[in-house]
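In this text, residue positions in the sequence shown follow our numbering: the first is 889, and each later residue adds one. Here a beta-carbon is modelled for each residue, glycine too, at the ideal position from N, C-alpha and C.
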Amino acid sequence: MAKLNDSIQNLQELNTVVSKKRTKSSRDNSKLYLWLFLAPAVIYLTVWKFIPLLFTVFLSFTSWNPLKGEPITFVGVQNFLYIFQDKSFLHSLTTTMFFLVVAVLIELMLGLCIALILDEGLRGENIYKTLLLIPMVIAPAVVGTIWYILFHDTLGPMSYIFGEGWLTDPDRAIYSIILTDIWHWTPFMFLLIISALQVFPRDLYEAASVDGAKWYHILWYVKLPMLRYTIVAAIILRSMDAFRIFDEIMIMTGGGPGNSTETTSLLIHKNAFKFFETGYASAMVVVLLIFTVMMYIGYMKRMRME
């Protein structure tokens, strides 16, 4: 009997050891499969994102004109000190911020209004949503070409309706860019807000109506407070994207007339590929990267505080 008990105990111990080995083996296989699936993304980000970023940061501390065949010369923080003394950079930064603030705020207001209207359950709302989202899926270069034709001095219908010289007038050219961006990206604001509205429980609206609240009370005290996180996220995402606008301006005005529509992205492009001041252009990229990261950190801190 004692031998039988010992045999049973040995078998149990053997089964325990085997099961542990199988568990460890399955975990190792899971980790292997995980890394195999992650490998393409990691390789892509490393080769096309991380390494170029590090090289750009390195170039920002150098002076290098590859067109002249000059060697890379280390200049320290000289490029960064010159940036904030460069009137062209300060002007482009002012133009970028003006474009960003006006375009993003109008896109937010239009997207919010359209989302609130369609959230009421209009007949054929799916058709309206589909039509509204079409501009967002069009490539920026195509959008710029479309609106360049619309604003053309001799061919464009906008010139006949609102007067000539939208793209050739230094005072009005920036507004043509803003109008183009509003048409292109208002659907993005609408999509984020309507997605949030459709998740909110309808019981809250019904309870407020039973208590005698009017539609504007429900909007101000119920819907907007619940939308605050979505609105902040939409503003941050659009601001970071609008800060880098390039295609539409390059096609429609090329930064002109003069430098009236020259944003920081166009100034970087001009310094890098027209003047071949690679180090100085890289320094501007680093400054814009820091600014964008600061915007993101501010957004995350605000979200955590609330």
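Identified DSSP bridge partners for residue i
i, result
"S951", "T961"
Three-state secondary structure assigned by DSSP to residue i
i, result
"D1129", "helix"
"H1072", "helix"
"A1160", "helix"
"D1135", "helix"
"R1060", "coil"
"V1174", "helix"
"V905", "Because the pLDDT of V905 is 49, which lies under 50, any placement of that residue in the model is unreliable, and the number read from its coordinates should be weighed accordingly. Helix at V905."
"L1181", "This sequence places Val at residue 1181; Leu is not what is there. Note: V1181 maps to helix in three-state DSSP."
"V990", "helix"
"I1022", "coil"
"K1189", "helix"
"S980", "helix"
"L998", "helix"
"V1087", "coil"
"P940", "helix"
"L846", "As displayed, the chain neither begins before 889 nor continues past 1194, which places residue 846 out of reach and without an answer."
"T1042", "coil"
"T1141", "coil"
"T1118", "helix"
"I1167", "Note that residue 1167 is Gly in the sequence shown here, rather than Ile. Of the three classes helix, strand and coil, the one that applies to G1167 here is helix, per DSSP."
"S918", "helix"
"S1153", "helix"
Extent of the continuous alpha helix (DSSP H) run through residue i
i, result
"L1010", "No alpha helix (DSSP H) contains L1010, which DSSP labels as neither H nor E."
"R1090", "1090-1098"
"A1029", "1028-1038"
"I971", "966-971"
"S1047", "1045-1050"
"W1103", "1103-1106"
Beta-carbon gap between residue i and residue j smaller than 8 angstroms
i, j, result
"L1269", "T1118", "Within the shown structure, residues of the chain are numbered from 889 to 1194, placing residue 1269 beyond reach of any answer."
"R1190", "V1098", "no"
"I1065", "M1140", "yes"
"L1154", "I1137", "yes"
"G1144", "T950", "no"
"T1149", "A1061", "yes"
"R1116", "V992", "no"
"F1039", "L1055", "yes"
"T961", "W952", "yes"
"H1072", "M1024", "yes"
"I1124", "M1183", "yes"
"S980", "N967", "no"
"H1157", "F1134", "yes"
"W1197", "T1068", "Past the boundaries of the shown model lies residue 1197; the chain is included only from 889 to 1194, so the question cannot be answered."
"Y1093", "I1106", "yes"
"I1164", "P954", "Here residue 1164 turns out to be Phe, not Ile, going by the sequence shown. Contact: yes."
"L996", "A1084", "no"
"I994", "I1049", "no"
"G1096", "V1087", "The displayed chain sequence assigns Ala, not Gly, to residue 1096. Contact flag unset, no."
"G1142", "P1058", "no"
"K1017", "L1010", "no"
- the segment 1070-1080 touching the segment 993-1008, judged by at least three CB pairs closer than 8 angstroms: Yes, the segment 1070-1080 touches the segment 993-1008.
- Message: Taking contact to mean 3 or more Cβ pairs, one atom from each stretch, closer than 8 angstroms, check whether the segment 1156-1176 and the segment 963-974 are in contact.
- Response: Enough Cβ pairs lie closer than 8 angstroms, so yes.
- Item | Contact between the segment 1122-1132 and the segment 985-999 (3+ Cβ pairs under 8 angstroms) | Judged by Cβ distances under 8 angstroms, the segment 1122-1132 makes contact with the segment 985-999, as three or more pairs qualify.
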